[in-house]
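Numbering (my numbering), first residue to last: 19 to 752.
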C-alpha cells in the first residue's frame with residue numbers, strides 16, 4: 019500500500035487486503051516515529067499482536083549472584099506496555115486496533131534505520147518465498163528475520179545464555195518460532211517434493227535434519243528426526259568379535275511430522291510429535307543428512323573412481339562444481355561402498371567376477387562349500403592359454419595375501435616368451451593358502467597345458483612358501499623349483515635394513531651378500547659365507563635372520579645349486595614380477611564395476627598377444643645388423659629371437675677378443691640353453707640344434723583369430739551368472 023500515513027487516526031481507519039500489508043504499514047508508521055515493533059502473538063487468518071521490541075524484562079536465567087558476575091548486567095528491555103493488534107474482519111480485510119498506545123521510554127535515535135532494515139527484510143522474504151502457497155507463511159518467515167535483526171543489538175553473550183536455558187528447560191519455542199511453525203502447518207504445497215523441501219528447510223535452519231520414515235505415493239509421507247530410532251546390530255556381531263567400536267548418532271528422538279495429500283490435490287503438513295530430546299546442531303554440516311549426495315554426484319563419483327581418482331581428489335572436484343556441498347571424505351568412501359554393494363546385487367565380489375569371466379568365455383574352474391559359496395576360482399583368458407602352451411618351459415608364480423578387493427588370497431602365474439618378455443598365464447583365488455588349495459590350483463593349471471610331454475614346465479620360480487613348494491613337487495615332480503632373488507632381497511630389506519645406520523652400510527651389506535649368492539661352486543659358497551659372517555659379526559640379528567630363514571633353502575637360490583637348472587636367466591630378474599604386479603592392478607575393483615575389471619584384463623592380454631604376433635613376424639624377416647655379418651650365425655638368423663642373438667654375440671666377442679676362460683664350466687649352456695664361447699671357438703657355424711626350443715621362433719605359430727569368438731558361457735561352469743548378458747567382444751587380433 020503506497021498511502022502516506024500521517025497520524026494514528028488515519029492508520030486506524032485504513033483497510034488492508036492482507037496481513038502482510040497491515041504489518042508493513044504499522045511497522046513503517048512506528049519506525050518513522052522511533053519505535054520498532056515485533057510480533058508477540060498471532061493466529062493465521064484471525065489476528066496478529068504487535069508489541070514494542072523493548073517490552074518484557076531481563077531474566078536472570080542462570081541465577082548468578084551479583085558478586086560472582088563477570089560482566090555488568092545490561093538489557094534493553096524496559097517492560098514497555100505498548101501493544102497494537104491487527105484483526106481480520108468478516109468482510110475479509112484487515113484493520114488495526116489499539117490495545118495500549120503508550121510507551122515507557124524515549125524514542126530510539128536509529129529507529130528509522132531499523133525500520134528500513136525491517137522493510138528490506140520483508141521485501142526479500144516476499145520475493146524469495148516460492149514454496150509457500152499462503153501469504154501467512156511469508157509473514158511468519160519475515161517475523162523470524164525481524165526478530166533476529168532486533169536481537170543482534172542486544173548483548174550477545176547474555177542472549178546466547180537465555181536461548182540455551184530456554185531450550186533445555188522447556189520444549190516451548192519462542193513466540194516468533196511458534197508463529198513460523200503454525201505458518202508451516204497452515205501452508206499448502208502443490209507437490210510432495212515441495213512439502214519435503216519446505217519442511218526440511220524449516221527445520222534445517224533450526225539445527226535439525228529430517229529423514230523419510232514412511233511414505234505411500236500420492237497419499238502421505240512421514241518425516242522423522244535423523245536421530246530417531248536406536249542402534250540395531252543387524253549383523254549380530256558380538257562385542258568380542260567386533261573389529262570397530264560401536265558408535266551411533268541414534269538416540270531415540272521422538273520427533274515426527276506428516277505430509278498428507280488432500281482431496282483438492284494440495285499437500286499439507288500435520289503435526290505428530292513436535293518435540294526433540296536433544297540440542298539442535300550448531301552447524302548443519304555436523305548432521306550426516308546434510309551431506310547427502312545427489313544422483314548426479316553419485317554418477318560423478320563412479321566415473322571418477324573408474325578414472326583412478328582418490329576420495330580426496332573426488333571430493334575436491336565435487337566441491338569445485340558445487341561450493342555449497344557439505345560432504346566430507348568419509349561421505350565419498352561411503353558412496354563408493356554403496357556403489358559396490360548395488361552392483362554386486364547380493365553376490366560376493368569373487369562370485370560377481372566369476373560371472374563376468376564366464377560370460378566373456380574365459381577358461382574357468384571353481385570349487386564351492388556346502389553353503390554354495392565360491393571358495394576357489396581359476397581363470398585363464400583363451401589367448402593366455404595359447405601363449406601358455408606355446409611357451410611352457412618356465413613359469414613364475416606369485417601369491418598375495420587378502421589385501422586385494424576380493425578378500426581372498428590370489429595366486430598369479432606368468433610365463434616367459436622367446437623374446438624374454440613376460441605374459442599373463444592365469445590367476446587363481448583361494449580360500450586358504452594351504453597345500454590342498456595349491457595342489458588344486460596347479461592341477462587345474464596342468465589341465466590347460468595338456469598331457470603332451472613337450473608342453474610340461476621345466477622350471478618354476480616363486481617366493482619361499484613351503485606349502486607351494488610341496489604342491490609343485492606333487493603336481494610337477496620332474497620340474498625344478500627355485501626362488502626368485504628379488505624375493506630374497508625384499509625379505510632382507512623388510513627385516514634387516516633398519517639395523518644399519520647409514521645407506522652406505524646397507525648397500526655394502528647387500529653387495530657382499532650378492533657375492534655370497536653368486537658363488538659358482540658349493541665349496542666357494544661355504545668359504546664366502548664364512549667370510550661374510552665374520553665381516554658382519556656385529557650385525558648379529560641380520561646374520562641370524564639369514565641362517566634361520568634362508569640358508570636352509572640355499573639349494574633353491576644360491577648359484578652353486580640353482581645354475582644347474584635351465585632357468586633361462588630369469589631367476590634373478592623381476593620382469594615377470596612386474597607383469598604380475600600389473601595383473602593385480604588390472605584385477606582391482608573400481609567402484610564395483612567388475613565388467614570394467616574384465617575389460618581391462620582382456621585388453622591387457624590382447625595387447626600382449628598382438629605385440630607377440632607383431633614381434634614374431636618382424637624377427638622372422640629382420641635381423642640385427644652386427645649379427646648378420648658373423649658367418650658363425652648364418653644357420654640361426656631369422657630362426658631365433660633377437661634376445662638370443664644379443665646373448666650369443668656377447669659370447670662371440672669373448673672369442674674374438676680372446677677373453678674366453680681356459681676351463682668351460684658349462685654354466686652358460688646349462689642355464690640359458692645356448693652354446694657358450696667354448697663351443698663357438700671350436701665351430702665354423704652354429705647348428706640350430708644347439709639352441710633350446712624356448713628361444714626358437716621358426717617353429718612358433720600364433721593364431722590371429724581371437725579364440726573368444728563364437729564362445730558361449732556354459733551354465734554348468736557358471737551357476738551364479740546371468741548367461742543372457744551381452745556376449746564377449748569378437749575382436750580380431752590384427
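Even for Gly, the Cβ is constructed at its ideal location relative to N, Cα and C. Being a predicted model, the structure only gives us computed values, none of them experimental.
Would you grab the beta carbon distance between residue i and residue j for me? Rounded to a whole angstrom, and I think it's under 8 Å.
{"i": "residue 398", "j": "residue 443", "result": "7 Å"}
{"i": "residue 207", "j": "residue 213", "result": "4 Å"}
{"i": "residue 298", "j": "residue 218", "result": "The Cβ separation is near 14 Å, so there is no contact."}
{"i": "residue 581", "j": "residue 689", "result": "5 Å"}
{"i": "residue 457", "j": "residue 412", "result": "Residue 457 to residue 412, Cβ: 21 Å. No contact."}
{"i": "residue 634", "j": "residue 666", "result": "No, residue 634 and residue 666 are not in contact; Cβ-Cβ is about 19 Å, not under 8 Å."}
{"i": "residue 55", "j": "residue 66", "result": "No, residue 55 and residue 66 are not in contact; Cβ-Cβ is about 11 Å, not under 8 Å."}
{"i": "residue 274", "j": "residue 291", "result": "5 Å"}
Within its chain, find whatever has a CB closer than 7 Å to the CB of residue i; leave out the 5 residues flanking it on each side and keep chain order.
{"i": "residue 188", "result": "Unreliable positioning characterises residue 188 in this predicted model, as indicated by a pLDDT of 35, which lies under 50. A coordinate reading is not provided."}
{"i": "residue 706", "result": "653, 654, 657"}
{"i": "residue 35", "result": "111"}
{"i": "residue 178", "result": "Unreliable placement is indicated for residue 178, whose pLDDT of 46 sits below 50; no coordinate value is reported for it."}
{"i": "residue 716", "result": "657"}
{"i": "residue 492", "result": "457"}
{"i": "residue 368", "result": "392, 395, 424, 426, 447"}
Relative to the C-alpha of residue i, which candidate in the options has its C-alpha closest?
{"i": "residue 323", "options": "362, 353, 296", "result": "353"}
{"i": "residue 276", "options": "229, 345, 124", "result": "229"}
{"i": "residue 109", "options": "120, 71, 63, 117", "result": "63"}
{"i": "residue 349", "options": "331, 366, 365, 363", "result": "331"}
{"i": "residue 687", "options": "66, 426, 583", "result": "583"}
{"i": "residue 103", "options": "57, 338, 433", "result": "57"}
{"i": "residue 429", "options": "287, 416, 499", "result": "416"}
{"i": "residue 650", "options": "640, 566, 659, 663", "result": "663"}
{"i": "residue 709", "options": "436, 334, 380, 201", "result": "436"}
{"i": "residue 618", "options": "325, 388, 447, 338", "result": "325"}
{"i": "residue 714", "options": "408, 702, 114, 343", "result": "408"}
{"i": "residue 645", "options": "670, 630, 638", "result": "670"}
{"i": "residue 385", "options": "377, 485, 379, 394", "result": "394"}
{"i": "residue 346", "options": "369, 363, 310, 314", "result": "310"}
{"i": "residue 621", "options": "378, 99, 47, 265", "result": "378"}
{"i": "residue 499", "options": "702, 473, 486, 647", "result": "486"}
{"i": "residue 234", "options": "508, 278, 244", "result": "278"}
{"i": "residue 474", "options": "712, 635, 545, 634", "result": "712"}
{"i": "residue 471", "options": "410, 511, 425, 300", "result": "410"}
Mind checking who residue i pairs with in its DSSP beta bridge?
{"i": "residue 498", "result": "477"}
{"i": "residue 417", "result": "429"}
{"i": "residue 394", "result": "385, 448"}
{"i": "residue 207", "result": "285"}
{"i": "residue 230", "result": "241"}
{"i": "residue 440", "result": "434"}
{"i": "residue 658", "result": "714"}
{"i": "residue 114", "result": "104"}
{"i": "residue 5", "result": "For residue 5 there is no data in the structure shown, the boundaries of the chain being 19 and 752."}
{"i": "residue 358", "result": "In the DSSP output, where bridge partners are listed per residue, residue 358 has none listed."}
{"i": "residue 276", "result": "240, 288"}
{"i": "residue 65", "result": "61, 105"}
{"i": "residue 70", "result": "55"}
{"i": "residue 412", "result": "477"}
{"i": "residue 34", "result": "112"}
Taking 8 Å as the line, does the beta carbon of residue i fall inside it for any heavy atom of the ligand NAP?
{"i": "residue 117", "result": "You won't find the ligand NAP in this model; it holds no ligand whatsoever."}
What does a CB cutoff of less than 6 Å around residue i pick up in its chain, not counting 5 residues either side in sequence?
{"i": "residue 405", "result": "441"}
{"i": "residue 501", "result": "482, 574, 575"}
{"i": "residue 518", "result": "524"}
{"i": "residue 446", "result": "396, 429, 459"}
Within a Cβ cutoff of 8 Å, which residues of the same chain sit near residue i, ignoring the five residues on either side of it in sequence?
{"i": "residue 775", "result": "It is not possible to answer for residue 775, since the shown part of the chain is limited to 19 through 752."}
{"i": "residue 209", "result": "285"}
{"i": "residue 678", "result": "672, 695, 696, 699"}
{"i": "residue 466", "result": "381, 398, 403, 406, 407, 444"}
{"i": "residue 464", "result": "493, 494"}
{"i": "residue 701", "result": "650, 693"}
{"i": "residue 115", "result": "30, 102, 103, 104, 105"}
Between the segment 76-84 and the segment 24-38, can you find at least three pairs of beta-carbon atoms closer than 8 Å? Taking 8 Å as the limit for Cβ pairs, the verdict is that the segment 76-84 does not touch the segment 24-38.
Tell me, please, whether the segment 567-580 touches the segment 529-540 by the rule of three or more beta-carbon pairs shorter than 8 Å. The segment 567-580 makes contact with the segment 529-540: 3 or more CB pairs, one atom from each, lie closer than 8 Å.
With three or more C-beta pairs closer than 8 Å as the rule, is the segment 397-416 touching the segment 624-644? The answer is yes - the segment 397-416 touches the segment 624-644, with three or more Cβ pairs under 8 Å.
Take every Cβ of the segment 442-461, pair it with every Cβ of the segment 557-568, and state whether three or more of those distances are shorter than 8 Å. Proximity of the segment 442-461 to the segment 557-568 falls short of the contact definition, fewer than three beta-carbon pairs being nearer than 8 Å.
If we count Cβ pairs, one from each stretch, closer than 8 Å, do we get three or more for the segment 521-538 versus the segment 456-474? Touching, no.
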